[in-house]
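There are 2 protein chains.
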Amino acid sequence: MNVYGESISRLIEEFSKLPGIGGKSAQRLAFYIINQKVERAEALAAAILNARRGVRYCSICLTLTDSEPCAVCADYKRDPRQIMIVEDPRDMAAYERTNGFKGLYHVLHGAISPMNGIGPNELKIRELLTRLKESPADEIILATNPNVEGEATAMYISRLLKPLGVKVTRIAHGVPVGGDLEFVDEMTLSRALEGRREM
Amino acid sequence: MNVYGESISRLIEEFSKLPGIGGKSAQRLAFYIINQKVERAEALAAAILNARRGVRYCSICLTLTDSEPCAVCADYKRDPRQIMIVEDPRDMAAYERTNGFKGLYHVLHGAISPMNGIGPNELKIRELLTRLKESPADEIILATNPNVEGEATAMYISRLLKPLGVKVTRIAHGVPVGGDLEFVDEMTLSRALEGRREM
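Residue numbers (this note's numbering), protein chains in the order written: chain A, 15 to 213; chain B, 15 to 213.
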């Protein structure tokens, strides 16, 4: 028997589809929502819809944003001739939190991973080449994750850009090898940026 | 600087208000939503609104439900003279999953907890007395949690009901002491029901 009734069961089901939310957590979240004021539930629902409907890729750096271009690309004080390549918008946000980088970004939306069937064509590498053709850069900083996929991606892009005569650097291995860039502390991220070397 | 833009930041903020969702999890959930089809985000938002707006207390057992009365109270095959007292709708759902109880429920929505300022008046005990006056029961089974608050609540209700001449039982201590009823396996819950004794 469906003890909870249709609408609660549906909510539990929807929550349990989210990553990292098991059955018990979904149940707890659903009952939390039900016990909140209606306005709180409406705020969450609206946030979900606005984020999903309003967010698009920045036409310049391809990060996820609701403004066009994104706040970083729109900032005229930043140096457009220095471009940091990251795998994910969250990595970009992590570097923004260091306040130590004044160039622009390019978001690949992934890393080369033959095991998962992700090749260079699945990443925003073609867009990077087009971008560099239209507005050449002095330096490309490869800030992909310090794991196998990230290193392979950095290597691939480095080989692709070298013939174009652009300076290609890799963030230093101050970032812990095998880790995920998103979870590294600001200090380590800053050190890694300072210690970057030409590839 | 707000790297993500207003709508993503808002969604991350809303997610991080949920219980058990930290900053990193909220970020991961937000990006998961953004990368899903619009329909998926709409389904989640609708489920939240429907659950919050459509759910009310069952007029008989006071569980949370979107039908009136709830599916259990509406089931004419169940024995209305046997009432199980639980703290929470989730505990009721846990007992429903055992398929071993054919009576009805009464949901207290909490347990007596002086430390948290919750006394008998904060629970649905007055409603229980009114209910028993209108439709007397043969047996009241106290299935509050097997922890300090649950035991205190069971004791309180037992003393309240004994003078009315109703048989009051407590589920057996097959349920692990100090635990949370919601997380007990079906077999243990069934054993606890079978081994109930008069208080």
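For glycine and all other residues, C-beta sits at the position ideal for the given N, C-alpha and C.
request  = State the beta-bridge partners of S172 (chain A) as determined by DSSP.
outcome  = Per DSSP, none; premise fails for S172 (chain A).
Straight-line gap, F29 (chain A) to L156 (chain B) (C-alpha atoms, nearest Å) = Inter-residue distance for F29 (chain A) and L156 (chain B) is about 31 Å (C-alpha atoms, whole angstroms).
task = Mind listing the chain B neighbours of P94 (chain A)? Cutoff is C-beta to C-beta under 9 Å, in chain order.
result = Within chain B, no residue comes near P94 (chain A); the closest Cβ sits about 16 Å away, beyond 9 Å.
ask   = L2 (chain B) and A59 (chain A) look like a contact to me (Cβ under 8 Å); what is the Cβ gap, rounded to whole Å?
value = An answer regarding residue 2 (chain B) cannot be provided, because it is not within the stretch 15 to 213 covered by chain B.
inquiry  = Can you pull the chain A neighbours of D80 (chain B), defined as C-beta to C-beta under 8 Å?
reply    = Under the 8 Å cutoff, chain A gives G19, E20, S21 and I22.
request  = Please state whether DSSP places Q50 (chain A) in a helix, a strand or coil.
outcome  = Correct three-state label for Q50 (chain A): coil.
task = Find out if the Cβ-Cβ distance for the pair V52 (chain B), R70 (chain A) is shorter than 9 Å.
result = Between V52 (chain B) and R70 (chain A), the C-beta gap is not smaller than 9 Å, which leaves the two residues out of contact.
request  = Give me the Cα-Cα distance between R104 (chain B) and V100 (chain A), rounded to the nearest whole angstrom.
outcome  = Cα to Cα, R104 (chain B) sits roughly 44 Å from V100 (chain A).
ask   = Using a Cβ-Cβ distance under 9 Å, would E101 (chain B) count as near chain A?
value = It does not; no Cβ of chain A falls within 9 Å.
query = Beta-carbon of M106 (chain B) versus every beta-carbon of chain A: anything under 9 Å?
reply = Closer than 9 Å to the CB of M106 (chain B) there is at least one CB belonging to chain A.
query = Can you tell me whether DSSP reads S21 (chain A) as helix, strand or coil?
reply = In the structure shown, S21 (chain A) sits in a helix (DSSP, three-state: H, G or I).
query = Quick one: does V162 (chain A) have its CB under 9 Å from some CB of chain B?
reply = At least 9 Å separates the CB of V162 (chain A) from every CB of chain B.
inquiry  = Do L175 (chain A) and Y109 (chain A) count as a contact pair if the criterion is CB distance below 9 Å?
reply    = No, the Cβ-Cβ distance between Y109 (chain A) and L175 (chain A) is not below 9 Å.
task = Please go through the same chain and pick out, in chain order, the residues whose beta-carbon is closer than 7 Å to the beta-carbon of E136 (chain A), but skip the five residues on each side of it.
result = Setting aside the 5 residues that flank it on each side, E136 (chain A) is surrounded in the same chain by G124, each with a C-beta closer than 7 Å to its C-beta; the list follows chain order.
request  = Could you work out which residue in B:G37, B:N161 and B:T144 is closest to L178 (chain B) when comparing CA atoms only?
outcome  = Closest option to L178 (chain B), judged by alpha-carbon separation, among B:G37, B:N161 and B:T144: B:T144.
Residues that G37 (chain A) contacts on chain B, provided the C-beta gap is smaller than 8 Å = Within chain B, no residue has its beta carbon less than 8 Å from that of G37 (chain A); the closest one is some 11 Å off.
message = In whole angstroms, give me the CA-to-CA distance for E20 (chain B) and E27 (chain B).
response = Roughly 10 Å separates the two Cα atoms.
request  = Pull up the DSSP beta-bridge partners for K181 (chain A), would you.
outcome  = In the DSSP output, where bridge partners are listed per residue, K181 (chain A) has A:E153.
Reference R95 (chain B), options B:K147, B:A61, B:S73 and B:T77, closest by Cα = Looking at the Cα atoms, B:K147 is the closest of the given residues.
ask   = Within 9 Å (strictly less), CB to CB, does F45 (chain A) reach chain B?
value = For F45 (chain A), the answer is yes, since a Cβ of chain B falls inside 9 Å of its Cβ.
message = Can you list, in chain order, the residues of its chain with a C-beta nearer than 8 Å to that of D93 (chain A)? Leave out the 5 residues immediately preceding and following it.
response = Taken in chain order, the residues that qualify are K116, G117 and L118.
Environment of G164 (chain B) [buried if 16+ CB atoms lie within 10 Å] = Of the residues assessed, G164 (chain B) falls on the buried side of the cut-off, its CB having 16 or more other CB atoms within 10 angstroms.
key: chain B contact for R54 (chain A) (CB, 9 Å cutoff)   = Closer than 9 Å: yes.
query = Are any of the Cβ atoms in chain A nearer than 9 Å to that of F29 (chain B)?
reply = With 9 Å as the cut-off, F29 (chain B) counts as an interface residue toward chain A.
key: Every unbroken beta strand (DSSP E) within the region 57-112 of chain B, with a cutoff of 3 residues, ordered by chain   = Runs of the beta strand (DSSP E) inside the region 57-112 of chain B: 93-100.
query = Is E200 (chain B) close to chain A, meaning its C-beta is less than 9 Å from at least one C-beta of that chain?
reply = For E200 (chain B), the closest Cβ of chain A is not nearer than 9 Å.
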